[in-house]
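Okay, so here's the structure we're looking at.
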Amino acid sequence: MDGESTLSLVLFSGTDDKLTAAAVLAVGAAAMGRPVNVFLQYWALDAFRRDRITRYHGSAPEAGPAGDALLRGSLEGPKHWSETLRQAKDVGDVRIHACALSTELFGISQADLDPLVDDIEGVAAFMGDAADGPITFI
Amino acid sequence: MDGESTLSLVLFSGTDDKLTAAAVLAVGAAAMGRPVNVFLQYWALDAFRRDRITRYHGSAPEAGPAGDALLRGSLEGPKHWSETLRQAKDVGDVRIHACALSTELFGISQADLDPLVDDIEGVAAFMGDAADGPITFI
Amino acid sequence: MDGESTLSLVLFSGTDDKLTAAAVLAVGAAAMGRPVNVFLQYWALDAFRRDRITRYHGSAPEAGPAGDALLRGSLEGPKHWSETLRQAKDVGDVRIHACALSTELFGISQADLDPLVDDIEGVAAFMGDAADGPITFI
Numbered sequence: 021m022d023g024e025s026t027l028s029l030v031l032f033s034g035t036d037d038k039l040t041a042a043a044v045l046a047v048g049a050a051a052m053g054r055p056v057n058v059f060l061q062y063w064a065l066d067a068f069r070r071d072r073i074t075r076y077h078g079s080a081p082e083a084g085p086a087g088d089a090l091l092r093g094s095l096e097g098p099k100h101w102s103e104t105l106r107q108a109k110d111v112g113d114v115r116i117h118a119c120a121l122s123t124e125l126f127g128i129s130q131a132d133l134d135p136l137v138d139d140i141e142g143v144a145a146f147m148g149d150a151a152d153g154p155i156t157f158i
Numbered sequence: 021m022d023g024e025s026t027l028s029l030v031l032f033s034g035t036d037d038k039l040t041a042a043a044v045l046a047v048g049a050a051a052m053g054r055p056v057n058v059f060l061q062y063w064a065l066d067a068f069r070r071d072r073i074t075r076y077h078g079s080a081p082e083a084g085p086a087g088d089a090l091l092r093g094s095l096e097g098p099k100h101w102s103e104t105l106r107q108a109k110d111v112g113d114v115r116i117h118a119c120a121l122s123t124e125l126f127g128i129s130q131a132d133l134d135p136l137v138d139d140i141e142g143v144a145a146f147m148g149d150a151a152d153g154p155i156t157f158i
Numbered sequence: 021m022d023g024e025s026t027l028s029l030v031l032f033s034g035t036d037d038k039l040t041a042a043a044v045l046a047v048g049a050a051a052m053g054r055p056v057n058v059f060l061q062y063w064a065l066d067a068f069r070r071d072r073i074t075r076y077h078g079s080a081p082e083a084g085p086a087g088d089a090l091l092r093g094s095l096e097g098p099k100h101w102s103e104t105l106r107q108a109k110d111v112g113d114v115r116i117h118a119c120a121l122s123t124e125l126f127g128i129s130q131a132d133l134d135p136l137v138d139d140i141e142g143v144a145a146f147m148g149d150a151a152d153g154p155i156t157f158i
């Protein structure tokens with residue numbers, strides 16, 4: 021595995037701290053010329069809905085009220101994770117897929133999702149692209 | 021790393037949404053002929069107890085009451101993650117190990133665990149099988 | 021990827037159960053001669069502050085009061101995850117980096133962190149060291 025092996029990120033959690041951490045890893049890998057393959061499941065998929073992607077989605081329970089307030093302040097404007105992901109797509113080969121099973125569970129179609137999401141795909145297609153590198157679950 | 025490198029999954033969380041996500045990744049990898057090496061720690065190990073594996077184990081905090089109800093409904097019958105894992109074991113090379121340290125912490129033996137669990141092993145044995153592929157913590 | 025590819029661990033969560041799981045994976049990999057590259061973000065970084073690293077940081081929500089009490093009892097003395105990480109650094113090539121963005125968010129400098137932390141670095145440096153192995157997010 022060299023520096024160009026694909027980084028596959030399974031985004032499961034829907035809180036803004038984890039989504040920010042994921043976006044930072046994606047942009048870091050993309051800047052190094054590494055392909056990034058993102059798969060959105062469950063609460064992360066829900067957070068990518070077009071009408072609420074920049075709404076506040078909360079933080080991990082251990083943040084507490086002070087940590088939560090700190091996180092919330094850090095998400096303003098250009099620092100929002102959705103903007104970081106847009107940058108990552110501009111600089112590199114970053115594809116974002118919605119998990120087909122999760123779209124069925126929530127009853128959502130691609131029209132409901134932010135344009136950051138390229139398509140809806142099944143786990144077999146995701147695993148095919150994940151054959152040659154790390155699979156990181158966030 | 022080619023398509024046949026082992027996918028190692030460390031299951032830590034005991035909620036049914038993460039266990040379902042894990043089972044979907046395991047069956048997707050197994051269907052592609054990829055060995056799957058599962059290590060059960062903490063709350064995930066607790067969820068594999070023989071007498072409560074199909075009991076409802078809750079969801080991530082960000083699910084909220086509506087998301088929780090949706091998840092709960094999705095787990096009925098053949099769609100339960102334990103059935104998906106059984107399928108994964110039928111179609112491919114999927115081994116499920118209980119972490120020795122976690123079994124000691126909970127005071128449980130293999131007889132307490134669902135037959136899906138092949139054995140109890142230490143972290144050195146797990147790491148030995150994880151030498152040639154991704155290690156995904158869920 | 022052979023047994024000596026670097027294991028990169030992104031520590032995000034600040035609860036003691038996940039930090040213990042991470043330390044066990046780190047020491048297991050280090051004992052096999054595998055380099056370990058740790059990146060501390062968000063609530064995990066906060067848990068590495070010099071003045072509170074051994075304080076109790078809680079457990080996953082699904083632990084419940086009984087699980088939480090069990091975990092708390094397991095952290096006494098030499099079994100604390102910070103001691104396990106110290107062992108891992110003694111036996112192998114384990115480097116622990118604080119994420120620059122997270123140190124800015126919390127307003128902390130290296131002097132505020134436990135000596136286990138080697139330095140503060142950006143995501144590009146972390147990704148450079150993570151080029152040849154798994155990236156595990158905990």
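Chains as they are written, first to last, in our numbering: chain X, 21 to 158; chain H, 21 to 158; chain B, 21 to 158.
All residues carry an ideal CB built from backbone N, CA and C; glycine is no exception.
Treat the numbers as computed from the prediction; the structure is a model and nothing was measured.
The beta-carbon of H:Phe-59 is placed no less than 9 Å from the nearest beta-carbon of chain X. The C-beta of B:Lys-99 has fewer than 16 other C-beta atoms within 10 Å across all chains shown, which makes the residue exposed. Under the three-state reduction of DSSP output, B:Leu-45 falls in the helix class. Under a criterion of Cβ atoms nearer than 8 Å, the residues of chain B adjacent to H:Val-143 are, in order, Val-44, Leu-45, Val-47 and Gly-48.
Assigned with DSSP and collapsed to three states, X:Glu-124 falls in helix. Apart from sequence neighbours up to five positions away, the residues of its chain that approach B:Gly-153 with a beta-carbon distance below 7 Å are Met-21, Ser-25, Thr-26, Leu-27 and Ser-28, ordered along the chain. Taking 7 Å as the cut-off between beta carbons, the residues of the stretch 144-155 of chain H near chain X are Pro-154, in sequence order.
Along the stretch 113-144 of chain X, there is no position whose C-beta sits under 8 Å from a C-beta of chain B. The shortest C-alpha to C-alpha distance from X:Gly-127 to any of X:Asp-66, X:Phe-32 and X:Thr-156 is the one to X:Asp-66. When only Cα atoms are considered, B:Asp-132 and B:Ser-102 end up about 16 Å apart. Against chain B, the CB of X:Ile-158 has a partner CB under 9 Å away; the residue lies at that interface. Listed in chain order, the beta strand (DSSP E) runs fully inside the stretch 72-129 of chain B are 114-119, counting runs of at least 3 residues. With a contact defined as Cβ atoms closer than 8 Å, X:Val-56 and X:Val-114 qualify at about 4 Å. Listed along chain B, the residues sitting closer than 8 Å to X:Lys-38 by beta-carbon distance are Phe-32.
Within chain X, the C-beta atoms nearer than 7 Å to that of B:Thr-35 come from Glu-82, in chain order. Annotation: the continuous alpha helix (DSSP H) that includes H:Val-143 extends over 143-149.
Residue-level contact check: B:Ser-94 touches chain H, since one or more beta carbons of chain H fall below 9 Å from its beta carbon. In the three-state reduction of the DSSP assignment, H:Thr-156 falls in the strand class. Where H:Leu-31 is concerned, the enclosing beta strand (DSSP E) starts and stops at 27-31. For H:Leu-65, the secondary structure class from DSSP, reduced to helix, strand or coil, is helix.
Around the beta carbon of H:Gln-130, fewer than 16 other beta carbons lie within 10 angstroms, which makes this residue exposed. With a threshold of 9 Å between beta carbons, H:Leu-65 makes no contact with chain X. Here X:Val-58 is bridged, per DSSP, to X:Leu-29 and X:Ile-116. Within chain H, Glu-82 have C-beta atoms less than 7 Å from the C-beta of X:Gly-78, given in sequence order. The three-state secondary structure of H:Leu-133, taken from DSSP, is strand.
DSSP places X:Asp-36 within a helical segment (H, G or I) once states are collapsed to three. The residues Thr-35, in chain order, have a CB closer than 6 Å to that of B:Gly-78 in the same chain once the five nearest residues on each side in sequence are set aside. Around the beta carbon of B:Asp-139, fewer than 16 other beta carbons sit within 10 angstroms, so the residue counts as exposed. Apart from the 5 residues on each side of it in sequence, B:Ala-51 sits with its Cβ closer than 7 Å to the Cβ of Val-111 and Gly-112 in its chain, given in chain order. Put simply, the backbone Cα of H:Pro-85 is about 33 Å away from that of X:Ala-150. Contact check for B:Thr-156 and H:Phe-157: beta-carbon distance about 5 Å, within the 8 Å limit, so the pair qualifies. With a threshold of 16 other beta carbon atoms within 10 Å, X:Glu-96 falls short and is exposed. Sequence-distant partners of X:Pro-135 (beyond 5 residues in either direction) whose C-beta falls short of 6 Å from its own C-beta are missing from its chain. Exclusion of the five residues before and after X:Ala-46 leaves Leu-27, Leu-29, Val-56, Val-58, Thr-104, Leu-105, Ala-108 and Val-114 as the residues of its chain whose Cβ lies within less than 8 Å of its Cβ. Within chain X, the residues Val-143, Ala-144 and Met-147 have their CB atoms less than 9 Å from the CB of H:Ala-51, given in chain order.
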